[in-house]
């Protein structure tokens, strides 16, 4: 059996474990506003305050996957939502990013 490893391209910052307090959608752009900023992946590897803008977004391929409450282990019932539906349903909630796929 052949196993292949796909190298992930280097990314300039990490969103892992960062808490998003607001998402703004404008045309094909998403702006993520963070509670405590995000982490830069270049020296000195510090957490910096600010927002991140992602341009050229294909909204047909954007979704949010809700997992277990409070990050508990074990069985859970998840839900997959289109990003725009998630924003409408959860207007005043913050959430934690648990994956680097952005």
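Residue numbers (this note's numbering): 17 to 118. Idealized CB from N, CA, C, for every residue including glycine.
Among residues of its own chain, excluding the 5 on either side of residue i, which ones have a beta-carbon nearer than 7 Å to its beta-carbon?
i          : result
residue 51 : 35, 37 and 110
residue 59 : none
residue 92 : 83 and 84
Going by DSSP, name the residue or residues bridged to residue i.
i           : result
residue 81  : 96
residue 112 : 35
residue 57  : DSSP output for residue 57 lists no bridge partner at all.
residue 29  : 56
residue 64  : 54
When you compare the CB positions of residue i and residue j, do they come within less than 8 Å of one another, or not?
i          : j          : result
residue 61 : residue 80 : no
residue 30 : residue 54 : yes
residue 48 : residue 27 : no
Assuming residue i and residue j make a contact with CB atoms under 8 Å, what is their CB distance in whole Å?
i           : j          : result
residue 112 : residue 43 : Rounded, the Cβ-Cβ distance is 27 Å, inconsistent with contact.
residue 99  : residue 69 : Contact flag wrong, Cβ pair sits at about 15 Å.
residue 82  : residue 90 : Contact flag wrong, Cβ pair sits at about 16 Å.
residue 46  : residue 73 : 5 Å
Can you find the residues in the same chain that come closer than 8 Å, C-beta to C-beta, to residue i, ignoring five residues on each side of it along the sequence?
i           : result
residue 66  : 50, 53 and 54
residue 115 : 32
residue 71  : 44 and 45
Residues in its own chain within less than 6 Å of residue i by CB, not counting five upstream and five downstream?
i          : result
residue 96 : 79 and 81
residue 40 : 47
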